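A.B. asks: Using the numbering used here, you'd call the opening residue of the sequence shown number 62 and step up by one each time. Submitted below is the structure of interest, expressed as structure tokens.
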Amino acid sequence: MQQHSISYRRRALTSGQISPTELVQELDAAMRRQNPAINAFISWDTEAALAEAASADLSLPLGGVPIAVKDNICIQGQPTRCASRILGNFVSPYDATVVRRLRAAGAIPFGRTNMDEFAMGSAGENSAFGPTHNPADLRHVPGGSSGGSAAAVAAGMAIAALGSDTGGSIRQPASHCGVVGIKPTYGRISRYGLVAFASSLDQIGPITQNVEDAALLLNVLCGHDAADSTSSTHPTEDFTAGLHDGVRGLRIGLPAEYTTGGNSPEVNAALQKTVRTLTEAGAEVVEISLPHTEAVVSTYYIIACAEASSNLARFDGIRYGYRVPDSAGLSDLYSRSRGEGFGSEVKRRIILGTYVLSGGYYDAYYTKALKVRALVAQDFTKAFENVDLILGPVAPTPAPKLHDDSQTPLSVYLSDIYTIPANLAGLPGISLPVPGVGKLPVGVQLLGPHFAERRLLAGAAALEAAWS
């Protein structure tokens, strides 16, 4: 798939082998051919993309390169529906900061990717537009919530894509689809124009064909944004500069809690292969402990659902989006519009969030969850005093089958146990595929201290080079 990468396409564009217009037409043909089976895209506007391609500046870092965008990131003049009925045919009046930065670098936003409704899900099945299928095996899920972005990149319908990661929603679908996904440090990339699920956890990031492409997109996307009050003022960096630094001399921790009997044989094989590769490349892999791992899932779902219940209160059938055609008063309008507009998973999380924020349970659940979140962050702070990076699985198993009746809401929530900690602590993490360990793609993830994306990318690039 490297012929679909940003770096490959940029060389073809700048050498004149293909024009931006021809590249948009090529991707449009791929979408029309493959999307009916995969359902990675909710919509795409070929005319708008061709108009931008006609004036593309090939001297810019991403000049002429189309980039797909998850349906919860605003693009001016295009639908932004979060894969939900509640938003109806809402068209965004403005560009998200990340979209503005893509355009400033010469890229062409092209295609709205399918997702779990309001980013709530780990499979790509909770969409009002139908489930996304995994290109590796259409009987399986692509992961979620950025399943459409990962599937589009894996299938070659997109050169790269933007996703959002609240509890693993970039890294997990990247693992299930066999591509690279990176969640930067919280605040590294502006969230302005991202429809919020859980504001203290959400982070935009790229899904790409390879590690170099991830670094190229981070170069464009990162940086302070005054429009986002949570945006970090940490200096921007050239993330491609250290890609060949390797891992020699690094200490890499493998948490004992991440090697339990709950992992599938394929996931254990991927971990073992990664440990061997890192050791051969000159790194030292040591066992560490993250003692509050057992508490991360319950902590996350209390905090995330509490924030979601607040953030989604704005979707009420009054200002925009879906509204029932007739109602018996304001209360009936609210309840029926929200009841018909939201899907079952979104309603489940709103109800849970409202419950934990209610007067009798706020201290018992929400306040306690915030305290445990602080303990999880302390676990990582202590770990990074002795190691440079942390290695772990992305998910306990490869991608499950679509509509698997054995997958209860609780079992789906538990599948996020390895990705959630990075969001609770605000840490950067990258998922990359491990070849040759199963019939379906399996990935591993590297986690780093805050703002250690260059170190993460160097480690991932060393593994990628060793396996290529």
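We put the beta carbon where it would ideally sit given N, CA and C, even for glycine. Nothing here was measured: the structure is a model prediction, and the numbers come from that model.
Check whether chain B comes within 8 Å of Ser183, counting only Cβ atoms and requiring the distance to be less than that.
C.D. replies: Given the protein chain composition of this structure (a single chain), no chain B is represented.
A.B. asks: With DSSP run on the structure shown, which of helix, strand or coil describes Gly209?
C.D. replies: helix
A.B. asks: Per the DSSP calculation, Ile147 is bridged to which residue(s)?
C.D. replies: Looking at the DSSP assignment, Ile147 forms no beta bridge with any residue, so it has no partner.
A.B. asks: Distance, Cα to Cα, Glu348 vs Ser398?
C.D. replies: 52 Å
A.B. asks: State yes or no: is the C-beta of Gly209 within less than 8 Å of the C-beta of Gly185?
C.D. replies: yes
A.B. asks: Taking the continuous alpha helix (DSSP H) assigned at Gln233, which residues delimit it?
C.D. replies: 232 to 238
A.B. asks: Let me check understanding here. Comparing Cα to Cα, which of Ala519, Phe376, Asn484 lies closest to Gln233?
C.D. replies: Comparing Cα-Cα distances from Gln233 to each of Ala519, Phe376, Asn484, the minimum goes to Asn484.
A.B. asks: Do Met181 and Phe258 have their CB atoms nearer than 8 Å?
C.D. replies: yes
A.B. asks: Which of helix, strand or coil does DSSP assign to Lys432?
C.D. replies: helix
A.B. asks: Report all residues from its chain with a CB closer than 6 Å to the CB of Ala367; omit the five preceding and five following residues, and keep chain order.
C.D. replies: Only Gly414, Val417, Leu418, Tyr427 meet the Cβ criterion.
A.B. asks: Please go through the same chain and pick out, in chain order, the residues whose beta-carbon is closer than 7 Å to the beta-carbon of Gln95, but skip the five residues on each side of it.
C.D. replies: Ala216, Met218
A.B. asks: Please go through the region 259 to 307 and give each complete alpha helix (DSSP H) segment of 4 or more residues, from N-terminal end onward.
C.D. replies: 272 to 282
A.B. asks: For the beta strand (DSSP E) that contains Ile250, what are its first and last residues?
C.D. replies: Unbroken run through Ile250: none, as it is neither H nor E.
A.B. asks: Can you check which of these residues, Leu304, His237, Gly229, Gly254, is closest to Thr530 by C-alpha distance?
C.D. replies: Residue coverage of the chain in this structure runs from 62 to 529, which leaves residue 530 outside it and unanswerable.
A.B. asks: Do the region 445 to 462 and the region 363 to 379 make contact, defined as three or more Cβ pairs closer than 8 Å?
C.D. replies: no
A.B. asks: What's the gap between the Cα of Pro154 and the Cα of Ile136?
C.D. replies: 8 Å
A.B. asks: So Ala235 and Gly504 are in contact, right, with Cβ under 8 Å, and what is the actual spacing, rounded?
C.D. replies: 6 Å
A.B. asks: Leaving out the 5 sequence neighbours to the left and right, which residues in its chain are closer than 6 Å to Arg146 when beta-carbon positions are compared?
C.D. replies: Apart from sequence neighbours up to five positions away, the residues of its chain that approach Arg146 with a beta-carbon distance below 6 Å are Ala189, Tyr383, Gly402, ordered along the chain.
A.B. asks: Report, in whole angstroms, the separation of the C-beta atoms of Leu315 and Leu452, which I expect to be a contact under 8 Å.
C.D. replies: 5 Å
A.B. asks: Cβ atoms of Ala166 and Leu121: under 8 Å apart, would you say?
C.D. replies: The answer is yes: Cβ separation under 8 Å.
A.B. asks: Tell me the residue span of the beta strand (DSSP E) that contains Arg173.
C.D. replies: 169 to 174
A.B. asks: Pairing CB atoms from the region 320 to 335 with CB atoms from the region 491 to 501, are three or more of them under 8 Å?
C.D. replies: Judged by pairs of C-beta atoms under 8 Å, the region 320 to 335 touches the region 491 to 501, as three or more such pairs exist.
A.B. asks: Could you compute how far the alpha carbon of Gln270 sits from the alpha carbon of Cys238?
C.D. replies: 11 Å
A.B. asks: Return helix, strand or coil for Ile451, following the three-state DSSP convention.
C.D. replies: strand
A.B. asks: Counting along the chain, where does the alpha helix (DSSP H) carrying Ser398 start and finish?
C.D. replies: 391 to 402
A.B. asks: Applying the 10 Å Cβ sphere with the 16-neighbour rule, what's the burial state of His65?
C.D. replies: buried
A.B. asks: Is the region 484 to 494 in contact with the region 509 to 524, if contact means three or more CB pairs nearer than 8 Å?
C.D. replies: yes
A.B. asks: Nearest to Ile128 by CA position, among Ala112, Ala168, Met92, is which residue?
C.D. replies: Ala168
A.B. asks: Helix, strand or coil for Gly421? Go by DSSP, reduced to three states.
C.D. replies: coil
A.B. asks: Can you check which of these residues, Glu178, Tyr395, Gly124, Pro97, is closest to Gly77 by C-alpha distance?
C.D. replies: In terms of CA proximity to Gly77, Gly124 leads the group Glu178, Tyr395, Gly124, Pro97.
A.B. asks: Are Ser251 and Lys131 closer than 8 Å when you measure CB to CB?
C.D. replies: no
A.B. asks: Where do the ends of the beta strand (DSSP E) carrying Pro316 lie?
C.D. replies: 312 to 316
A.B. asks: For Ile534, which beta-bridge partners are listed by DSSP?
C.D. replies: Not covered by the structure: residue 534. The range shown for the chain is 62 to 529.
A.B. asks: Could you name the residues that DSSP lists as bridge partners for His201?
C.D. replies: Lys462
A.B. asks: Let me know the secondary structure DSSP gives Lys334 once reduced to three states.
C.D. replies: Lys334: helix per DSSP, three-state reduction.
A.B. asks: What's the C-alpha gap between Leu339 and Ala221?
C.D. replies: 27 Å
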